[in-house]
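Heads up, the working numbering is the position in the sequence shown plus 1217, with the first residue counted as 1. Input: a single structure, listed below in structure tokens.
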Amino acid sequence: MQKKLHVNRIKKYTFRFYKGAQWFSITHNLAEYLLQHEKEIRRIFRWSFCTDEIFLQTFAMQSPYKTNIVNDYLRYIDWERGNPYTFTDADYDELRSSDKLFARKFDEMKSAKVVNKIRNDFK
């Protein structure tokens, strides 16, 4: 509708908008920075669609911490074998050899063994 009416809500901003995954890992300092700008974030993104995939990336790239940003959301997710694929005990070696800190997706019944194996690795 906005395109048909020639409404462009972002042209008044001088900064670039960024996008990314809604799952992210941030430092305490960046979290504080975002909280300090909460009113501005709410005002800018009030009418936005998929705000969770835009606001953090946009404000992180405007922050003093932008040089510390790593383009890796640290999650191991297999979209090739499922939506996403549910890991099982047979996937233990694959998960352990990953360089990711987190993984998705696990099921309480199907994945109990692999979750316990990984948990025991860190004891």
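Positions of the beta carbon are idealized from the N, C-alpha and C atoms, including for glycine. These numbers were taken from a predicted model, which means no experiment stands behind them.
Which of helix, strand or coil does DSSP assign to residue i?
i, result
"Arg1292", "strand"
"Ala1248", "helix"
"Ala1238", "coil"
"Phe1232", "coil"
"Phe1276", "helix"
With residue i and residue j assumed to form a contact (beta carbons below 8 Å), what rounded beta-carbon distance in angstroms separates them?
i, j, result
"Ile1335", "Leu1312", "7 Å"
"Met1278", "Tyr1235", "5 Å"
"Asp1306", "Lys1330", "4 Å"
Grab me the residues of residue i's own chain with a C-beta within less than 8 Å of its C-beta, minus the 5 sequence neighbours each way, in chain order.
i, result
"Asn1246", "Tyr1282"
"Leu1318", "Ser1242, Leu1291 and Arg1292"
Where residue i and residue j are concerned, what is the direct C-alpha to C-alpha distance, given to the nearest angstrom?
i, j, result
"Leu1291", "Lys1221", "39 Å"
"Asn1285", "Thr1303", "32 Å"
"Arg1185", "Leu1252", "With the chain covering 1218 to 1340 only, the question about residue 1185 has no answer from this structure."
Going along the chain, which residues of its own chain have a beta-carbon closer than 7 Å to the beta-carbon of residue i, five neighbours each way excluded?
i, result
"Phe1276", "Leu1251, His1254 and Ile1258"
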